[in-house]
Every structure is written in structure tokens, then in C-alpha cells.
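Residues in the sequence shown are numbered consecutively from 996, following the numbering used here. Note that CB positions come from ideal geometry on N, CA and C, so glycine has one too. Since we're looking at a predicted model, the values are computed, not measured. Data block below; observations after.
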Amino acid sequence: MNIIRLSYPLSSEIITQPCAVAMGYFDGVHLGHRRVIQRAIDFAKANGLKSGVLTFFPHPREVLGRSGYSQYITPLEDKLEQFEKMGIDFVYIIDFDIAFSSVYPEDYVEEVLMPLQVKHIVVGFDNTFAYRGMGTTQTLQELSKGRYSVDVVGPVNRLGEKVSSTIIREYLHNGEVDQVRHLLGRPYSIKGVAVHGDKRGRKIGFPTANIGVSSPYLIGKNGVYGVKAKVDGKIYDGVMNIGIKPTFELEKKEKTLEVHIFGFDQEIYGKDIEVELLFMIREEQKFSGVEALINQIQKDAEFAKKKFASIL
């Protein structure tokens, strides 16, 4: 997969090939996004074109000062990984800045789509583009002048609910990662590096690895989760706490991610780790003391093990 970073105005030296592209931000690469992207891939294969994704970074809302998009369901590297798994040939990433946000729909078509040799565009039904979202799917069709075709993909429903990044964000904020899994078509995952913490877990009989997240992930609700941890290519069951460890009344109330991997006693500090969140066990809470905390952790672990056995 070729990844091409672009800035506006586009350079005349860009090497492109006639392509069918899926256009959008695609945070999450959820089931709705995947349908849009797959339609572009299928059209490209059927018509002798290259398949592509035309996307942007950072999120327009972040650049324009709107709240809620400093963290991502799929940070850029994760999103690119999902595109590659789908078999995309090209990914065009346009640096979204103030200058690009001011481009009108007509100029967007003439100065972005045409230089990229776009012959077919696939978008979601609610896609907008260009200055203040003035460009709609109808605008895109009207401006084509026969130079490209447009395929508009309708909403995708899963378990009676429309799939959208907004709904996925709400589920993450509520700790409903099992629902997120249904809408993504895969577990929600966070990648990072195992880093040293205060080693308190080891002292109470439940050694944990703190995760130093590598990208601006949307970290959901504080609580304890049943997880799958991937280390050195192997997958292990475990539990993870997201939160501020209120039982210990720490001065710094920084949110941490601590994972306890069942039956694991290897040294992993400094290693890459990916954690898939499968279900929430309980919200984070303050206990009367360390012994009460230990008893609850034991219950959390037993609950998780039974849950893992039931979902296999």
C-alpha cells in the first residue's frame, strides 16, 4: 500500500494513477466505513483502476477548534493498518489546515480530485466536504461533468442500530466496549509500550504492566475491563484497570492503564503491547483498604476468566 501525504495546494509533481477512491475521515474504520471502502475496491478491480482512500489529518473539528476530537477511535497509524488489511492500493492523506478548510467545492474538485486522476468516488450518504461542509453528495455529482462517477453508500445498521463514529464514541465514554465491538466488527484496541509504574500491583500479588499509549487514543470510562493482551505475537487473557487508583489517594490524579495478564511472569517492560477491550467488569471505585481491594481484584479475575470461557 502506497501512502502519499499531500498539502494544499497540491504539488504538480505528484505521481498518480487513475483510481477509484473512498473519501472521508473514517475514524474507527467501522462497519459503515468498511462498506464504503470495499465498494471502491470492488469498482477498481472491475474497471482496471487502482483503489484508494482519500482522507485527512488531523480531524477538521480539531483544527477548527471544536471540542471532542483531540482523541481518536483509530489514530492515524491504526487507521492505515486497517486500510492495508482491506487491500487498498493508495492512501492519500491531505494535511487539514486552515488553508485547506477554506477551499470551496468547485476548487476541491478541480484542484484535488482531478490532479489525483480520480475516476470514481465512493462516499457515505452523509458525507460533506470543502468550506463549511458546503459540498454534499449532490454537489459532488453535479461538479463531475462526466469526468468521474459517484457512488453514495447508505447507512449501515448493526443489531438494529445505525453504525457511526459518534455512537461508538458514546459507547466508549460509557464503558460499553462490547457494543463497540459489534459496530467496529473487531474489538476496540489500544497500542503502546509496557512502562514502569509504582509496582504496587506486584506487592499485592497482582503484577501489572502500565501501558504508555503511543497515540492519542480515545480512552473510555474509568473501570476494570476484560482484555486480550498481545505481546511478542502471542495473545493472553487478562484484566485492565483504567483510572486514577482512588484507593491509594495519590496526589497526582493522572489516568493510567494497568493490565494484569493471567499466568504471565515474563519481563515485558519496554516491549510493544496491544490490548483489546472485550467487556467492562465494573466501574473504578475506592476501597476501604488494600485487603478489600485485593479481594475485589480476585473476584474481577474470576469473573473475567468465566466470561472468557463463555465467549470462546
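7 Å CB neighbourhood of residue i in its chain, flanking five on each side removed
| i | result |
| --- | --- |
| Y1212 | Q1066, Y1067, P1070, I1185 |
| E1072 | S1210 |
| K1302 | G1221, F1274 |
| K1248 | I1239 |
Assigned exposure category for residue i - 16 Cβ within 10 Å defines buried
| i | result |
| --- | --- |
| L1044 | buried |
| F1091 | buried |
| Q1077 | buried |
| G1130 | buried |
| E1008 | exposed |
| S1046 | buried |
| E1271 | buried |
| L1154 | exposed |
| H1168 | exposed |
| M1018 | buried |
| Q1174 | buried |
Rounded distance between the beta-carbons of residue j and residue i, thought under 8 Å
| i | j | result |
| --- | --- | --- |
| I1100 | L1138 | It should be pointed out that residue 1100 corresponds to Pro in this sequence rather than to Ile. Indeed, because the Cβ distance is near 6 Å, the residues count as touching under 8 Å. |
| R1117 | V1148 | The sequence shown places Val at residue 1117, rather than the Arg named in the question. At roughly 6 Å, the Cβ-Cβ gap stays under 8 Å, so V1117 and V1148 are in contact. |
| L1252 | N1205 | 7 Å |
| I999 | Y1087 | 5 Å |
Candidates the options: closest to residue i by CA position
| i | options | result |
| --- | --- | --- |
| A1296 | I1263, V1222, S1159 | V1222 |
| G1023 | I1162, F1095, V1086, A1035 | I1162 |
| A1094 | K1225, E1279, P1004 | P1004 |
| A1039 | F1052, V1058, F1085, E1262 | F1085 |
| S1096 | I1083, M1081, F1052 | F1052 |
| Y1264 | S1305, F1201, G1187 | G1187 |
| K1080 | R1181, A1041, C1014 | R1181 |
| F1021 | G1119, N1042, Y1143, P1013 | G1119 |
| T1203 | D1267, D1260, K1300, T1134 | D1260 |
heavy atom of the ligand ZN below 6 Å from residue i C-beta
| i | result |
| --- | --- |
| I1089 | Summarising the ligand content, the structure contains no ligands, and the ligand ZN is consequently not present. |
Close-in-space but distant-in-sequence residues of the same chain around residue i (CB under 6 Å, 5 per side omitted)
| i | result |
| --- | --- |
| T1011 | L1111, Q1112 |
| G1233 | V1222, A1224, V1254, H1255, I1256, F1257 |
| N1236 | V1219, E1253 |
Own chain partners of residue i with C-beta closer than 8 Å, once the 5 adjacent residues on each side are dropped
| i | result |
| --- | --- |
| E1156 | I1162, L1178 |
| N997 | D1084, F1085, V1086 |
**Message:** For the structure I just gave you, are there three or more beta carbon pairs, one from the stretch 1027-1036 and one from the stretch 1149-1160, closer than 8 Å?
**Reply:** yes
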